[in-house]
Amino acid sequence: MTTPMTRRTSSPTRAPRRLIGVVGAAVSLAAVAGLALPVREARAASVESAKVGAPVEIVLTLDSDLPAYDLAWADHADAARAALAQQAIDKMDDPAALYLLRLPQVPVAWRPLPASFSTVSSASDTGGRRRSVAVARAAVRDMTGRAIDRSRARLGRIHYERDLEAALLDVVARIRAQRPGALLSLDQFVKPESYGARAGSYRDLIGELDFVVLRMPAAAPASQRVRSLSSRSRARVSAALTRGPDLDRALKMASPPDGLFALVETGGEWSAVDDEPLPEAVEAAAAGEEMQWPESDAEADADSADPPVLHAPDKPAPDPNDPGSFDGPGDDGPPIVIEPDTPDDHGSAGDDAPPSDDGGAGDDAPPVDQTPGSDGAGDDTPADQPDADTPPSDDDGAGDDAPADPPTDDQPADDDAPSDPSAGDDAPTDGVPGDDDNSAPPPPPADEPADDDDASPPPPPPPADNDDDTTTTNDHGGSDLPPAPPTDSDDAPDDDPPADAPGDDEPTGGSDDQPDDRPDTAGAAPVLIGGSGFTGPTPAPAPVGSGPGADAEAIARWDAVPYQTFDGTFDLGVVAFHINGIDRVEFSVDGGPWAPVYEMTFNERTGVWEYVARLDADEFDDGPVEVRAIAYPKVGVPRVLQDAGDAPGERSMVLFADADGSLPEKVYTVDAVNGDDELAWVGTPGAAFKTLRSVRERIRLDITPNQLTRIRLKSAPGGNTPAGVTLYDFAEGGEGLGEINNDRWIIIEPAPGADRDNIVVRPNGQNFRFRRWAIRDLKVWAEQKTLIGGLQNQRACVWLDGADVFSPYGRFGDGRDFFGAAAPGFDRANTKSWELYDMWMRPETITGGLYLTDTTVRDYPSRMAVVATEMLRGVRIERCQQDAMVNTLFVLNTSIRDVHPAPDSGQHPDGWQFAIAEPNTGDMNIVLYGVEMLDVEGQLLFSDRGFKNAAFVNILGVQTWDKAFLTQFGKESLPIRFDHLIFDHLTLPNSRFTLRSNVAMSPGSEFRNVLIANSVSYNFTMQDVDHHREGVVYRDSHTIDGTNDLGSIKQGTHTLGNPRFVNGSLGAFDPARLDYRPAPGSPLRGRVARDDDAPGDLRGARRRDKASIGAIEGD
């Protein structure tokens, strides 16, 4: 009889055993006696056993200094896994055998990456490496012979067990695809805690194995047995020999998990043991039946009448003879390549004029009488112009409408309290499910019909002697960058060129030559379907198309705080921009199908227009889920958001599903006035801790994997300070505390019923030492030079949500503290106040990101108020004396107000500054989207250091003094290089905007892939225009005073003069004149087709089809 190999699946009725492992040495009576125990047919009635042959040990190696890197993080991970699997497959020729795979080069836990290896590389008989101290080699090499990417490896160590498990699961799956039914185990990876891995590691991997190994120690010679035992012991040993080995005890010692059996070695003999029926293959092999490998999945698929569906159900099936017909995710064809339309020829360069002065406009910019004309030849598109019959407005704008309310700090919804009561986000609420006190604003209104003046064609240009205070120029140059979009998006044909077929492993939602087949995603986010987990890094898709901007990478970031928990739906957003526009963003969760999203929609959870996909907790097992995304430009380089990425913002989004409510959660209460640490430590009902030190040490002992922890602070009448405030000091005896490597957030929040205005927390650097911790709805006393720190090298995260961060000493260091006494002062004559506060957090210790949502930072004397944060959303920064934001990489819906230097300091604080030591850096992936800067006594946006990939969209900036400072990028004295900058829908009415360089002084200065579009500024100038003409486009914008001779970089329609705001000051900052909406008749209205990459304005309103330029759409 021939028996096919089959595996036994887990029993649905047996509870899994969590403590599992290979047991290296077992202790039993016979073993202690040193006796060789023969295997008897008789066995304990509680177990099943069968005598089997010794397992076949297969050693799997890679010719690499760090094989874990090749398997988990390298670009060639797929090849590395295939190589390991093939080694095993080649040696698995006996269907009746049990196979024990060994990976001697791959530890179960991270080992420190050496600074250098002293090695001589040569292939051994096992395919590994021999090491010698004879030759020193600095580089650590992967299996391809290349030096490994150390930063990627260091990032990988944070999730070493998780990433390695995914890789080994893939290896096992490949083996089983060719050797179905094979009985496998992996040495060391069962009971990995014994080898230094974190508790709970490799559970999924262990579930895919078949057995654990228990090796009994070798027996002593019989001659030693007699001399070493007493007469009573000899009697017990004799009885044991009669009974045979205690297999029931051995099974308990091996402790296999559900679905696995124990393979026990005793004196060179092997037995398969379990308390359930053994797999049929084991029983058949023990009975001597002939075995054969079952049909593999590939063979079964070949014989199947219905091949697997690789395409979306609503599209035609792909033709296997036509690679271009495949449009789904997977390895279905070559990479997508979009061939662009024939690019325009270069136009003639304009004169290289020096930058102009700030012009003759006064505070309110009187009309400029200028004859309309054209700076470039060959333009055949009529210009949109203001109504010539509209009388000139006064110097400050049209109309007396009341100024619009500026955005408040509570406008955007935060991550942790979605309006959907079913969404159980991680961030703290009052403990009641569905808390919606931070619910999102209502959705924006639907499109309204355009005003008559918007819908009608523009009138002809005014005559040269017309008194109207705006002039129009229609400029179209020959830059290499993309031309202006059509003025009517509704009627314009889709000019997207056809796409080639998608490539191997490239997730894609379909070919680009069928725009009409795209789903209508407006208002409906696709629900993501999970898979069985990613098996490795997602390959970076090939660049799309060619031509201008084709080498620019998409700018994209997650708009969510990671590690949150959701028990209902969770709308997850990605903000993405590109100089050529974004075609789509694709999402995948846990290796499931990639879902494309083709346009931005308003995400009610965040209050942001973005690319949105929906997660439903009911679709997942309770626990972590990993989401990845790819932003595809229409032409350009896609960006992959995943943990394998090294650039800022390139991480997977990890969230926790908890639909069944099975994830652990623990709440601790602290009462600084009436608490008792001793009673709370032993769990006395109703007892609260008194100190934060005690509660965090209790948490360190109690913490379990995937546990959400809440620390709730009580207030007390009279508090514990002379001012009546209840103060919680993080530094109270905090030295020497151990680290807490928690998976989910540890949240510090007010207790239910507490007076949050009466509670103040005072952090102190690293002393709290949680891996992921949040402060919510509390006042944060920013007294220390270092306010917040995390765990170094642990991808530590800190989240401030709904917090009020302030200094008790005031903006200039002369305020008063909570205790009513004068603040510790300083010698104003000899000390600058900001030197006391170099920065308010340590970014090098928060490698996983600092997140601020719906938080206020105020009255702070810091040189860097908010520095190196991963994300700001809904943040309000007020009354700071130095730069409001420095190196902040992702800013959404944020307001900055009242930024002034200390008196007589000679400083000029900036709204946003990028500051590093080196003249140039690489990919920074910066997004400022929906930012208001008002009353800033300094530069609004500033960088004299070069970088790549940044988008500044929907920004309103008003300086304190009229034209006192520049908004500027570049520097004459250094060879600064900028690549891929987008300035879209800016309103800077009293700021001079300039791009600076001096190629004669600093050869190598460069602006390339730069777009300034749909914007309003006092003026715009650019140095070395002719040198940069192929890399910069200035399009469809408005200046109050004018520009220098921009020559061929100017495209579309340019207008000049009074922008006619409803009631917005064009001179110095005026708090009574902050309404910067375009008034009826404004030359800003109805100018351009609505930008698909910015469909909403600064206030969140949807732009008209023929949209206004500037940050605010207007009524």
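Here the sequence shown stands for residues 0 to 1114, numbered as in numbering that gives the first Met the number 0.
Just so it is clear, CB atoms sit at the ideal spot from N, CA and C, and this is done for glycine as well.
Since we're looking at a predicted model, the values are computed, not measured.
Ser942, enclosing beta strand (DSSP E) - first and last residue: In the sequence shown, the residue the question calls residue 942 occupies position 943. Taken as a continuous stretch (DSSP letters only), the beta strand (DSSP E) holding Ser942 covers 940 to 942.
Quick one, which of Ser63, Ala87, Ile88 has its alpha-carbon nearest Ala76's? Translated into the one-based positions of the sequence shown, residue 76 becomes position 77. Checking every option, the nearest Cα to that of Ala76 belongs to Ser63.
With Tyr667 as the anchor, note down where its beta strand (DSSP E) starts and where it stops. Mapped onto the sequence shown, residue 667 falls at position 668. Start and end: 664 to 669.
Identify, in the order they occur along the chain, each residue of the same chain with its Cβ nearer than 8 Å to the Cβ of Asp620, setting aside the five sequence neighbours on each side. Here the question's residue 620 lines up with position 621 in the sequence shown. Closer than 8 Å at the Cβ level, and outside the excluded window around Asp620, lie Ala656.
Between the C-alpha atoms of Ala108 and Ala687, what's the straight-line distance to the nearest angstrom? To locate residue 108, count along the sequence shown from 1; it is residue 109. To locate residue 687, count along the sequence shown from 1; it is residue 688. Between the C-alpha atoms of Ala108 and Ala687 there is a straight-line separation of about 38 Å.
Grouping DSSP H, G and I as helix and E and B as strand, with all else coil, what is Glu971? Mapped onto the sequence shown, residue 971 falls at position 972. Three-state result, Glu971: coil.
If distances are taken between C-alpha atoms only, which option among Pro663, Leu213, Gly752, Asp558 comes closest to Asp742? As a working note, residue 742 is residue 743 in the sequence shown. The shortest Cα separation from Asp742 among Pro663, Leu213, Gly752, Asp558 belongs to Pro663.
If you reduce the DSSP assignment to three classes, tell me which class Ala1106 lands in. As a first step, residue 1106 must be located in the sequence shown, where it is residue number 1107. In this structure, DSSP gives Ala1106 an extended state, which the three-state scheme calls strand.
Return the chain-ordered list of same chain residues with a C-beta closer than 6 Å to the C-beta of Asp169, the five sequence neighbours on each side being excluded. Translated into positions along the sequence shown, residue 169 becomes position 170. Sequence-distant Cβ neighbours of Asp169 in its own chain, meaning closer than 6 Å and more than five residues away, are Arg80, Thr534.
Using alpha carbons as the reference points, say which of Asp675, Lys90, Ala575, Pro684 lies closest to Gly1115. A question about residue 1115 goes unanswered here, because the residues of the chain that appear run from 0 up to 1114.
On the three-pair Cβ rule with 8 Å, is the stretch 719 to 729 touching the stretch 674 to 684? As far as the Cβ criterion goes, the stretch 719 to 729 does not touch the stretch 674 to 684, which means the pair count is below three.
Could you give the C-beta distance for Ala559 and Leu571, rounded to a whole number, given that I count them as a contact under 8 Å? By 1-based counting over the sequence shown, the position of residue 559 is 560. By 1-based counting over the sequence shown, the position of residue 571 is 572. The Cβ separation is near 6 Å, so the contact holds.
Straight-line gap, Gly660 to Tyr562 (C-alpha atoms, nearest Å): Residue mapping note: residue 660 aligns to position 661 of the sequence shown, counting from 1. Residue mapping note: residue 562 aligns to position 563 of the sequence shown, counting from 1. Gly660 and Tyr562 have their C-alpha atoms roughly 16 Å apart.
Start and end of the alpha helix (DSSP H) containing Lys50? By one-based count along the sequence shown, residue 50 stands at place 51. Counting along the chain, no alpha helix (DSSP H) covers Lys50; the unbroken beta strand (DSSP E) around it starts and ends at 47 to 51.
Element boundaries [beta strand (DSSP E), containing Asp1044]: Here the question's residue 1044 lines up with position 1045 in the sequence shown. Per DSSP, Asp1044 belongs to no beta strand (DSSP E) and is neither H nor E.
Using the DSSP secondary-structure output, state which residues sit across from Asp273 in a beta bridge. In the sequence shown, residue 273 corresponds to position 274, counting from 1. Asp273 pairs with Glu47.
State the Cα-Cα distance for the pair Thr854 and Asp1091, rounded to the nearest angstrom. Translated into positions along the sequence shown, residue 854 becomes position 855. Translated into positions along the sequence shown, residue 1091 becomes position 1092. Their backbone Cα atoms lie some 30 Å apart in a straight line.
Count the C-beta pairs between the stretch 1049 to 1064 and the stretch 938 to 953 that are closer than 8 Å, then say yes if the count reaches three, no if not. The stretch 1049 to 1064 and the stretch 938 to 953 do not touch, with fewer than 3 CB-CB distances between them shorter than 8 Å.
Mind reading off the beta-carbon distance from Phe968 to Phe977? Whole number of angstroms is fine, and I expect it under 8 Å. Taking the sequence shown and counting its residues from 1, one reaches residue 968 at position 969. Taking the sequence shown and counting its residues from 1, one reaches residue 977 at position 978. Between Phe977 and Phe968 the Cβ distance is about 6 Å, and since that is below 8 Å, they are a contact.
Return the Cβ separation of Arg1072 and Ser1047 in integer angstroms, given the expectation that the two are a contact with Cβ distance under 8 Å. Within the sequence shown, numbered from 1, the residue matching residue 1072 stands at position 1073. Within the sequence shown, numbered from 1, the residue matching residue 1047 stands at position 1048. Contact flag wrong, Cβ pair sits at about 37 Å.
Can you grab the Cα-Cα spacing for the pair Ala671 / Leu712, in whole Å? Locating residue 671 in the sequence shown gives position 672, where the first residue counts as 1. Locating residue 712 in the sequence shown gives position 713, where the first residue counts as 1. Straight across, the Cα-Cα distance linking Ala671 with Leu712 is about 8 Å.
Quick check on the burial criterion: 16 or more other C-beta atoms within 10 angstroms. Buried or exposed for Thr852? As a first step, residue 852 is located in the sequence shown; it is residue number 853 there, counting from the start. Result: buried.
Range covered by the alpha helix (DSSP H) that runs through Arg1083: Mapped onto the sequence shown, residue 1083 falls at position 1084. Here residue 1083 turns out to be Leu, not Arg, going by the sequence shown. Counting along the chain, Leu1083 falls outside any alpha helix (DSSP H), and DSSP gives it neither H nor E.
Exposed unless 16 or more other CB atoms sit within 10 angstroms - verdict on Asp1074: Position 1075 of the sequence shown holds residue 1074. Of the other Cβ atoms in all chains shown, 16 or more fall within 10 Å of the Cβ of Asp1074; this residue is therefore buried.
Taking Ile747 as part of the alpha helix (DSSP H), name the residues at either end of that continuous run. For the purposes of this step, residue 747 is identified with residue 748 of the sequence shown, where counting begins at 1. Not the alpha helix (DSSP H): Ile747 falls in the beta strand (DSSP E), residues 745 to 749.
Give the DSSP-derived three-state secondary structure of Gly206 in the structure shown. To locate residue 206, count along the sequence shown from 1; it is residue 207. Helix at Gly206.
First and last residue of the uninterrupted alpha helix (DSSP H) at Lys90: Counting from 1 along the sequence shown, the entry for residue 90 is found at position 91. It spans 76 to 90 - the alpha helix (DSSP H) in which Lys90 sits, taken as one unbroken run.
Using only the alpha-carbon positions, how far apart do Glu1119 and Ala630 sit? Shown here, the chain extends from 0 to 1114; a query on residue 1119 therefore has no answer.
Tell me the DSSP secondary structure of Ala553 in three-state form. Here residue 553 refers to the residue found at position 554 of the sequence shown. In the structure shown, the three-state DSSP call for Ala553 is coil.
Would you mind giving the Cβ-Cβ distance between Ile698 and Ile746, rounded to the nearest angstrom? I have them listed as a contact below 8 Å. On the sequence shown, residue 698 is found 699 positions in, with the first residue counted as 1. On the sequence shown, residue 746 is found 747 positions in, with the first residue counted as 1. Beta-carbon to beta-carbon, Ile698 and Ile746 are separated by about 11 Å, too far to satisfy the 8 Å threshold.
Please state whether the Cβ-Cβ distance between Leu262 and Met142 is less than 8 Å. Reading the sequence shown from its first residue, position 263 is the one you call residue 262. Reading the sequence shown from its first residue, position 143 is the one you call residue 142. No.
According to DSSP, simplified to helix, strand and coil, what is Ser254? As a position in the sequence shown, residue 254 is number 255, starting the count at 1. It is coil, neither helix nor strand.
My output table needs one value for Leu163: the three-state DSSP class, helix, strand or coil. Here residue 163 is taken as the residue at index 164 of the sequence shown, counted from 1. In the structure shown, Leu163 sits in a helix (DSSP, three-state: H, G or I).
Can you tell me whether DSSP reads Asp1130 as helix, strand or coil? An answer regarding residue 1130 cannot be provided, because it is not within the stretch 0 to 1114 covered by the chain.
I want to know whether the stretch 981 to 996 touches the stretch 1004 to 1014 - three or more CB-CB distances under 8 Å. Contact holds: three or more Cβ-Cβ distances are below 8 Å.
Measuring from the CB of Val1087, is there a heavy atom of the ligand MG at a distance below 7 Å? In the structure shown, the ligand MG is absent, as is every other ligand, since no ligand is present at all.
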